[in-house]
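The block underneath contains the structure these notes are about, expressed in C-alpha cells.
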Amino acid sequence: MELGNVSQPVYGPGPEAPGSSVVGLVGMVHGFLRLVQPNALPVELIADFGQPQSEDASREQVQKLLLYELGFLVCMAIGLLFIILVPLVGCCFCCCRCCGNCGGRMYQKQGRQMGCRRRALWASVLLVSALLLAGDVCAFLSNTRFSQAVCGTFPNINDTLDNVRTYVASIPQQINFIIDSSDVPLGHANRSLQDIGPNLGGMIISGIRSSMDGALGSLQGLLQGMEMLAAAFGSITSTRSRLEELQSNYSRRLASLRDGLNQTLQRCGRPCGSVSLDGLAFSANFSTIPGVEQQLEALGDVSGSNIAADLEKVNSTLDMTPAKVQEQSQDMVTKTQDQLGLIRQEIRSLQEQLPLLDVESNIGAFVGNATLVLEEYREPIIAVDGLRWSVCVLLCCMVLLVVLCNIVGLLLGPLGLKEGVLPTQRSSLSNAGGNFFMAGVGFSFIFSWLLMLLVLITFVLGGNIYMLICESWRSQQLFQLLDNPGLIPGFNLSELLGQEDGTANFSEVYRQCQRDTALWQTLHLDQSVSLDKLLNISQYTGEISTAFEKMNITLSPISLLSQSQRDLLLNASRAGQPPDFTPTLQQLDQNVTHGSFLDLAVELEQLADKAGADVKDDLKADAGKLRELDNEMQTSFSGPLVSDTGGEESPRVLAWA
C-alpha cells in the first residue's frame, strides 16, 4: 500500500543577517568584550533578584553584581575620567591662550637636533591623525550598518511571522492528510473482506493442494498407465486367438500339401530322393502365448470403480471452496465492515479532539497583533534611528574636521619652514599651519568628550546586552536562566503547553529545534493529547479479531480413494503383473515354419527339368502351390505378429508400476 508522503509547507525567505565588510573589526570588538567580561552568566544571581531578600542578602547580591561588572566598571571609570578631564584641560588651555601665556616663548633655541625633533613631531601627529581617521571610518561604517540592521529588522520579523503562520496553517492540513491516508488501509481491508471467498478460499485450496497434488498426480498417471495396459492386454488376447486360428488352418493345408508332394516325389524316383519335406511344418507354437485374462479382469475392475470420475469430483469440490467460504463468512464480513466504519469515524473524530483550530486561531491572532504592533512602531523607530544616525554622522564629521585640520597643518608647516629664519619672522604658510594645528586642538577639546560620552553609553549598554543576551544565547546559559520558575511573573512554559509534570524547559526546546525534531515531540504535546491512545487501532480491532476467531468454515469432505477402490488398486498391482513373454518373443524372432517355401519351390522347379514327363507337370504344379501358400501365409501372419510384438512393452510398464 502506497500512502504517500506528507507535503511540506513552502516557506518564504528566512531572516537575513546584514552584510559586513569589517569582519575583522567585529571580531576585535567581540574579543575585547570577552576580555572585559570573562565571567559566565550569573544565573543564580539574576534569579535571586526577582525574589524578596533581606538587607544583608541584598547587599551581598549587589557586591556580587559589582564584581561581575568589574570589567565594565573599570572601562566606565576610564571613560568618565576622560569626559571630566578633557573639558577641564580645554578650559585651562583656553584661559592660558586668552591671557597670552600659552604656547611658550616665541624664540626657540636653534640646535643641531631641532630638525630631528621637528620630523619626530610631524610623524607623531601624522600617526595620531591616521588612527583618528581609521577610527572615524569604522565609526561611520558601524553607524551605517546599524541603521541598515534596524531597517532590515522589520522585513525579517514579518517574514518570520509569515513563516510561523504558514507552519501553523500547515499542521491541520498535514493532520487531514494523515486522516485521509487512513482510508487507504481501511479501503484495502474492506476490499479484502469483499473478496474473502477468492482470497481465503484460495489460501485453503493452496494448503490442500500442497499436500494432495503429488498423490493426485501420481494417481492420475497410474490410471492412465492402467488404461494403456488394459488396451495392450486386450490386443494381446485378440492377437493370440487370431494366431491360433491361423496356425490351425494352415497346419491342415500344410499336411495336405506335404502328402501330395510325397506321392509326387515317390513317382519321380531317384532324381527326387534328395528332396526333404521337413520344412513344411510350423516351427512356432502360438498356443504357448501366455493368457492375460486375469490381468484384464483386475484392470477392468479398477476401470469400473469410476476412480477418474471421483477425482473430477475432488477437483470440482476444491473449485467450489471460494464460493462456500464467501457464503459461510457473509455474517462475519458484514460485522467486520461495520467495525471498519466505526474505525473510520473514530479516526475522523481526531480533528475534533485535537485543538488545532483553536491553536491556529490563537497563533494567527498573536501573529496578526505582533504585525500590527510592529507596523505601528515602525515609523517612529526608523525616525529615531534616523536622528541617531544624524547625530553620529555629525560627531564623525567633527572627528573628520580635526583630522583635516591636522592634515592641513602637516602640509602647510613643512612648506613654509625656513630653517635660517627666526620664529618671529616665520612665513604666512607656517603661521597658517600652526593655526590649523591650534584649531584641531580646540575642536578636540570641544567635541571629544561628547564623543566619549556617546561611546561610553553605547559600550556599557551594548556590551552588557551582548554579553547577557547574545553571548549567553550562544552558550545556552540564557535558557538556563529562563528555565528558573517564577523568573517571569505569571509565566510557566509547562502550564502553557498543558503539561502536568512541569518538565518543559527552554533549553530542551531549543536543542530539539536545532536537531529539527518534530514540534509534537519537542513540546511534549503527547502529554496533553495522547496520539498513541487515539491511534491505537488495537482498541478497535478486538471485535474483528473475535469475529474471525469464531468464524467456522465447513467444507465437503475430500477423499481421493474409497476403501474398495484402494483394494481394487492393490489387487490390480498384484494380479495385474504381466506373464513371462520371453519364450514368445524368442519364437517371434524365428521363422513361422521350419523351412523356406520359396527355396523348396525353386528346388522342385529345378527337378522338374530333370524328371520325366509324367511327373514334370506335377512338380511344377506343387512348386506353384508352395509359392502361393508362402505368399498367403506372409500376408496372413504379418498383421498379428506386428501387433503382438508391438504390445509386449505394456506388460513391462505395468510390472514397473
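Reading the sequence shown from the start, the letters are residues 1 to 657 in full-length UniProt numbering.
For every residue, glycine included, the Cβ atom is placed at its ideal position computed from N, Cα and C.
- Burial check for Pro9: the Cβ neighbour count within 10 Å stays below 16, so the residue is exposed.
- Where Asn505 is concerned, there is no enclosing alpha helix (DSSP H), because DSSP gives it neither an H nor an E.
- Setting aside the 5 residues that flank it on each side, Lys616 is surrounded in the same chain by Ala608, each with a C-beta closer than 6 Å to its C-beta; the list follows chain order.
- When DSSP states are grouped into helix, strand and coil, Thr264 belongs to the helix group.
- The continuous alpha helix (DSSP H) containing Tyr68 extends over residues Glu55 to Tyr68.
- Between Asn571 and Ala215, the gap from beta carbon to beta carbon reaches 8 Å or more.
- Comparing alpha carbon positions, the residue from Asp618, Leu121, Val602 and Phe597 closest to Gln634 is Phe597.
- Residue burial is scored here from C-beta neighbours: Gly409 has at least 16 other C-beta atoms within 10 angstroms and is therefore classed as buried.
- Less than 8 Å divides the Cβ of Glu605 from the Cβ of Ala623.
- Asp609 carries a helical assignment under DSSP once its states are collapsed to helix, strand and coil.
- Taking every protein chain shown into account, the CB of Gln345 has fewer than 16 other CB atoms within 10 angstroms, so this residue is exposed.
- With fewer than 16 other beta carbons inside 10 angstroms of its own, Leu66 counts as exposed.
- Following the DSSP letters along the chain, one finds Gly31 inside the alpha helix (DSSP H) bounded by residues Val23 to Val36.
- Rounded to whole angstroms, the gap between the alpha carbons of Thr522 and Leu70 is 39 Å.
- Ala518 sits in coil when the DSSP states are folded into three classes, being neither helix nor strand.
- Rounded to the nearest angstrom, the Cβ distance from Leu412 to Phe436 is 7 Å, consistent with a contact under 8 Å.
- Between Met551 and Met203, the CB-CB gap reaches or exceeds 8 Å.
- Contact holds between the stretch 130–150 and the stretch 377–387, because three or more Cβ pairs, one in each stretch, are under 8 Å apart.
- Around the Cβ of Met28, a 10 Å sphere holds fewer than 16 other Cβ atoms; the residue is exposed.
- Its Cα nearest to that of Leu200, the residue Val325 stands out among Ala439, Phe479, Val325 and Phe72.
- A check of alpha carbon separations from Ser428 across Met438, Leu415 and Gly440 identifies Leu415 as the nearest.
- Rounded to whole angstroms, the separation of the alpha carbons of Val403 and Tyr68 is 38 Å.
- Counting other Cβ atoms within 10 Å of its Cβ, Arg240 reaches 16 or more and is therefore classed as buried.
- Nearest to Gly207 by alpha-carbon distance, out of Gly225, Thr321 and Ile307, is Thr321.
- Of the candidates Gln37, His188 and Val302, Gln37 places its Cα closest to the Cα of Val74.
- Between Leu400 and Ile157 a beta carbon distance of about 35 Å is seen, past the 8 Å cut, so the two are scored as non-contacting.
- The beta strand (DSSP E) runs of length 3 or more contained entirely in the stretch 121–188 do not exist; there are none.
- The three-state reading of DSSP puts Tyr466 in helix, counting H, G and I together.
- Judged by DSSP in its simplified three-state form, Met226 adopts helix.
- Here Gln337 has Asn190 and Leu193 as same chain residues with Cβ atoms under 8 Å from its own Cβ, once five neighbours each way along the sequence are excluded.
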